[in-house]
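Student: Take the sequence shown: its letter number 8 is residue 405 in this note's numbering, and every next letter is one higher.
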Amino acid sequence: MNELNLEYKIIGKDKTLVVIETGIGSSFYDWYSIVEELKEDFTIVLYHRCGYGKSQDPKTSRTTKNIAGELNCLLDKIGIKDKFILVGHSFGGLCVQNYAKMYPHKLKGIMLIDSTSFNFKQLYMLDTPVMNFHIAIDKMVESNINCSKK
398 MNELNLEYKI
408 IGKDKTLVVI
418 ETGIGSSFYD
428 WYSIVEELKE
438 DFTIVLYHRC
448 GYGKSQDPKT
458 SRTTKNIAGE
468 LNCLLDKIGI
478 KDKFILVGHS
488 FGGLCVQNYA
498 KMYPHKLKGI
508 MLIDSTSFNF
518 KQLYMLDTPV
528 MNFHIAIDKM
538 VESNINCSKK
């Protein structure tokens, strides 16, 4: 994978490392209040995926496999050698699940927070009229695409 220019921050000084993969449309700044609570007990790596914050625009399709590979390149670039805990929120949870499949030897564990399911399309096949009325997949995809461009 070519050299990536991804914006990141490392906060905290404890030996236990936590890497956070944010959801679609989220910034790592959204995690600062949580990081403030954790920084005494952990070292936290926050980063913006391609197309977010000051990170470069994506040069590959936005698949969870490509995102996991990009995260791995960043962690190699900044010298992360110890096993770490990988946290994934929402869409970031899908990326974390793919990272765990690709690089299981690098992880102490994963934590999924309100993660999107790998088989999320099956959820929309269920007969749930109330959910279908409030959450249309087309509108959610459109919203996520719009948020990812900001």
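The beta-carbon is built from N, C-alpha and C at its ideal position, and this holds for glycine as well.
Every value quoted in this text rests on a predicted model; they were computed, and no experiment measured them.
Nearest to residue 465 by CA position, among 501, 424 and 505, is which residue?
Tutor: For the purposes of this step, residue 465 is taken as residue 68 along the sequence shown, with counting starting at 1. Closest by alpha carbon: 501.
Student: Between the Cα of residue 424 and those of 504, 450 and 439, spot the shortest distance and give me the residue it belongs to.
Tutor: As a position in the sequence shown, residue 424 is number 27, starting the count at 1. It is 450 whose Cα lies nearest to the Cα of residue 424.
Student: In the structure shown, what three-state DSSP assignment does residue 481 receive?
Tutor: Residue 481 sits at position 84 when you count from the first residue of the sequence shown. In this structure, residue 481 counts as strand in the three-state DSSP scheme.
Student: Which residues does DSSP pair with residue 506 in a beta bridge?
Tutor: Within the sequence shown, the letter at position 109 stands for residue 506. 482.
Student: Tell me the DSSP bridge mates of residue 406?
Tutor: As a working mapping, residue 406 is identified with position 9 in the sequence shown. Residue 406 pairs with 443.
Student: Tell me where the alpha helix (DSSP H) around residue 418 begins and ends.
Tutor: The residue labelled residue 418 in the question sits at position 21 within the sequence shown. Per DSSP, residue 418 belongs to no alpha helix (DSSP H); it is in the beta strand (DSSP E), 414 to 418.
Student: Throw me the rounded Cβ distance for the residue 418 and residue 492 pair, which I believe falls under 8 Å.
Tutor: Your numbering for residue 418 matches position 21 in the sequence shown. Your numbering for residue 492 matches position 95 in the sequence shown. Indeed they touch by this definition, with Cβ atoms about 5 Å apart.
Student: If you run the structure through DSSP and keep just helix, strand and coil, what is residue 430?
Tutor: Within the sequence shown, residue 430 is the residue found at index 33, counting from 1. In this structure, residue 430 counts as helix in the three-state DSSP scheme.
Student: Rounding to the nearest angstrom, what Cα-Cα distance links residue 478 and residue 400 in this structure?
Tutor: As a first step, residue 478 must be located in the sequence shown, where it is residue number 81. As a first step, residue 400 must be located in the sequence shown, where it is residue number 3. About 18 Å.
Student: If the criterion is Cβ atoms closer than 7 Å, does the pair residue 497 and residue 510 meet it?
Tutor: As a working mapping, residue 497 is identified with position 100 in the sequence shown. As a working mapping, residue 510 is identified with position 113 in the sequence shown. The answer is no: Cβ separation not under 7 Å.
Student: Secondary structure at residue 456, three-state DSSP: helix, strand or coil?
Tutor: Translated into positions along the sequence shown, residue 456 becomes position 59. If DSSP states are grouped into helix, strand and coil, residue 456 belongs with coil.
Student: Measuring alpha carbon to alpha carbon, tell me which of 408, 487, 488 and 442 ends up nearest residue 416.
Tutor: Within the sequence shown, residue 416 is the residue found at index 19, counting from 1. Comparing Cα-Cα distances from residue 416 to each of 408, 487, 488 and 442, the minimum goes to 442.
Student: Could you tell me if residue 460 is buried or exposed, where buried requires 16 or more neighbouring beta carbons within 10 angstroms of its beta carbon?
Tutor: Within the sequence shown, residue 460 is the residue found at index 63, counting from 1. Under this definition residue 460 is an exposed residue.
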